[in-house]
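Data first, discussion second: the structure below is written as structure tokens.
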Amino acid sequence: MAVTMRNVTGIWGHRGASAEAPENTLQAFRLAFEQGADGIELDVQRTRDGVLVVCHDETIERTSDGSGSIAELTFQQLRRHDFSNGRPGYAQVPIPTLTEVLELVSGTDRVVNIELKNSIVAYPGMEAEVEALVNEFGLSPQIWYSSFNHHSLVRLAALGTGAGLGVLYAEQYGHLLEIASLADVE
């Protein structure tokens with residue numbers, strides 16, 4: 344299915360339907376699509392054993408019944424925790440992998456904004472790993488990459504990604520035009 348999605352105007356589920364389901368979970372992404380979202384935004388990090396997982400925070404205290412840093416926990420350790428964040432009607436919600444989310448989107452025209460959460464923890468090589476996975480599913484035309492780590496976007500551009508690139512920033516960043524031109528971001 345060929346999708347051209349450079350115009351991102353539409354309804355987006357930030358971390359899925361996070362107002363009604365546990366954020367950044369398959370349940371939240373499915374609900375966002377059921378509610379008519381054109382796309383979803385999610386956050387990707389990497390476990391100690393190299394699995395790309397979807398979670399906003401670098402630690403799991405806020406979103407699960409566990410504690411610790413994603414970068415220091417294995418995937419199996421993370422899967423032992425409930426990521427329902429105490430939300431009524433949800434229990435034993437597992438942390439999703441990026442693969443599981445891409446499987447959910449595969450075969451649809453839905454768009455995914457993958458935010459690379461590599462500003463605090465560097466996760467060397469994450470860009471190539473995420474790009475390879477997206478390409479494996481043939482979803483590049485439906486993907487936007489975003490990051491506060493602007494060097495990460497430059498690396499994605501150098502990989503020749505067919506996905507869109509979006510610079511995330513806070514006021515203190517004064518070099519946005521330079522980064523945007525290097526990465527050919529929109």
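Per the working numbering: the sequence shown = residues 344 to 529. C-beta atoms are modelled at their ideal positions from N, C-alpha and C, and glycine is treated no differently.
Inset, instruction - May I have a chain-ordered list of the alpha helix (DSSP H) segments no shorter than 4 residues that lie completely inside the stretch 385 to 441? - result: 418 to 422
Inset, instruction - Ignore the nearest five residues each way along the sequence and tell me which others in G411's own chain have a CB closer than 7 Å to its CB. - result: These residues qualify, in order along the chain: T402, I403.
Inset, instruction - Please report the residue range of the beta strand (DSSP E) in which V455 lies. - result: Element bounds for V455: 454 to 459.
Inset, instruction - For T442, I'd like the list of residues in its chain whose CB is within less than 8 Å of its CB, leaving aside the five on either flank, ordered along the chain. - result: L395, L476
Inset, instruction - Return the CA-CA distance between S462 and A360, expressed in angstroms with no decimal places. - result: 25 Å
Inset, instruction - Count the other CB atoms, across all protein chains shown, that sit within 10 Å of the CB of M344; report buried if there are 16 or more and exposed otherwise. - result: Caution is warranted here: a pLDDT of 32 is assigned to M344, below 50, making its placement in the model unreliable, and the coordinate value is therefore given only provisionally. When all chains shown are included, M344 counts as exposed.
Inset, instruction - Could you please give me the residues that DSSP links to S462 through a beta bridge? - result: Bridge partners of S462: none, in fact.
Inset, instruction - Counting only the same chain and skipping the five closest in sequence on each side, list residues whose C-beta sits under 6 Å from that of S427. - result: Cβ contact annotation for S427 (same chain, cutoff 6 Å, sequence separation greater than five): P365, Y433, A434, V436, in chain order.
Inset, instruction - Taking only the alpha-carbon atoms, compute the straight-line gap between T347 and L374 and give it to the nearest angstrom. - result: Residue placement at T347 is flagged as unreliable, the pLDDT there being 41, under the threshold of 50; a coordinate-derived value is accordingly withheld.
Legend entry - Residues bridged to V510 (per DSSP): S490
Inset, instruction - On a CA-only basis, which of N367, D386, Q370, Q378 is nearest S490? Give me that one, please. - result: Of all alpha-carbon atoms in N367, D386, Q370, Q378, the one lying nearest the alpha-carbon of S490 is that of D386.
Legend entry - Distance, I413 Cα to H399 Cα: The alpha-carbon separation between H399 and I413 amounts to approximately 10 Å.
Legend entry - Candidates I438, W487, A500, R430, of which the one nearest E363 by Cα: R430
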